[in-house]
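Report on one structure; see the data block that follows.
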Amino acid sequence: MEMEMLTPIWISEVRCRHLTPQGQKSYRRACEKFRVVPSSAFLRQIQSSEMLLMHRSLGPQGTKALAVALVTNTSVLKLNLRDNWMEGMGGAAIAEMLKENCYITEVDLSDNNLGDRGADAVADMLQRNSTLVEISLSGNDFTDEAAERLSQALTVNTRLQHLDLSHNALAERAGSADLRQTRRGPGNVPTLHQ
Numbered sequence: 001m002e003m004e005m006l007t008p009i010w011i012s013e014v015r016c017r018h019l020t021p022q023g024q025k026s027y028r029r030a031c032e033k034f035r036v037v038p039s040s041a042f043l044r045q046i047q048s049s050e051m052l053l054m055h056r057s058l059g060p061q062g063t064k065a066l067a068v069a070l071v072t073n074t075s076v077l078k079l080n081l082r083d084n085w086m087e088g089m090g091g092a093a094i095a096e097m098l099k100e101n102c103y104i105t106e107v108d109l110s111d112n113n114l115g116d117r118g119a120d121a122v123a124d125m126l127q128r129n130s131t132l133v134e135i136s137l138s139g140n141d142f143t144d145e146a147a148e149r150l151s152q153a154l155t156v157n158t159r160l161q162h163l164d165l166s167h168n169a170l171a172e173r174a175g176s177a178d179l180r181q182t183r184r185g186p187g188n189v190p191t192l193h194q
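All the letters of the sequence shown, read from the start, carry residue numbers 1 to 194 under full-length UniProt numbering.
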């Protein structure tokens, strides 16, 4: 199976078929589809308000399977996927999920090698998501192009309070000109770490 993208259409199909309230069936089926071993840590935490899956080596395919189950999950409010080597494809899957999930308010995608492809997907998601208040994107090899896209997204997103872009390949002009110039009105400027 080639690296196919997780699309909203596929997410909708899975959501409608045999979905348990906890999302365990949809997760197991997604794991079969993407040919990955289900994460026992994910299954244990699927009903928790905070999901901690750092350093699990999920990779792009494992991240896509996880995203399928989280689309309709109403329990998880904080999602930590730090250091799972999800790359741009996995980051795009999480971004697609966050367009639909209106319960998750904090996400840590640090150290996942998202690159500019992942940054584009996150920027697109930020323009549509109205529930995230905090996102950490530290250490993802973002460039100035990524900063420009994220800056555009922040002009639309009025909910985000904290954005961590530290340890990326952003030039000085990205921090001073693009992101720091993003203003959304009095008292509505996100905290930026770079």
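Using N, Cα and C, we set each Cβ at its ideal position, and we do this for glycine too.
Could you check the C-alpha separation between residue i and residue j for me, to the nearest Å?
| i | j | result |
| --- | --- | --- |
| V122 | G59 | 17 Å |
| Q61 | G90 | 7 Å |
| D141 | E87 | 10 Å |
| P77 | L154 | Correcting the residue type first, residue 77 is Leu in the shown sequence and not Pro. Answer to the nearest angstrom: the Cα atoms are 21 Å apart. |
| A147 | L137 | 11 Å |
| T72 | L114 | 24 Å |
| A171 | D111 | 18 Å |
| M51 | E145 | 31 Å |
| K33 | L126 | 28 Å |
| L163 | Q24 | 31 Å |
| L150 | S49 | 27 Å |
| R128 | E96 | 10 Å |
| R117 | R44 | 31 Å |
| E134 | R159 | 9 Å |
| L81 | T74 | 18 Å |
| Y103 | L79 | 11 Å |
| R29 | E100 | 19 Å |
| L132 | A119 | 16 Å |
Kindly indicate which three-state DSSP category residue i falls into: helix, strand or coil?
| i | result |
| --- | --- |
| I46 | coil |
| L116 | Looking at the sequence shown, residue 116 is not Leu but Asp. Here D116 sits in helix by DSSP. |
| S40 | helix |
| M125 | helix |
| L170 | coil |
| T131 | coil |
| M86 | coil |
Can you tell me where the beta strand (DSSP E) with residue i in it begins and where it stops?
| i | result |
| --- | --- |
| residue 199 | This structure gives no information on residue 199, because the portion of the chain shown stretches from 1 to 194. |
On the DSSP bridge assignment, give the partners of residue i in chain order.
| i | result |
| --- | --- |
| K78 | E50, E106 |
With respect to the alpha helix (DSSP H) encompassing residue i, which residues constitute its N-terminal and C-terminal limits?
| i | result |
| --- | --- |
| T72 | Unbroken run through T72: none, as it is neither H nor E. |
| T155 | 144-156 |
| R56 | Taken as a continuous stretch (DSSP letters only), R56 belongs to no alpha helix (DSSP H), as it is neither H nor E. |
| S26 | 24-34 |
Looking at chain C, is there any beta carbon in it that lies within less than 8 Å of the beta carbon of residue i?
| i | result |
| --- | --- |
| T155 | Going by chain labels, chain C is absent from the structure shown, which holds only one protein chain. |
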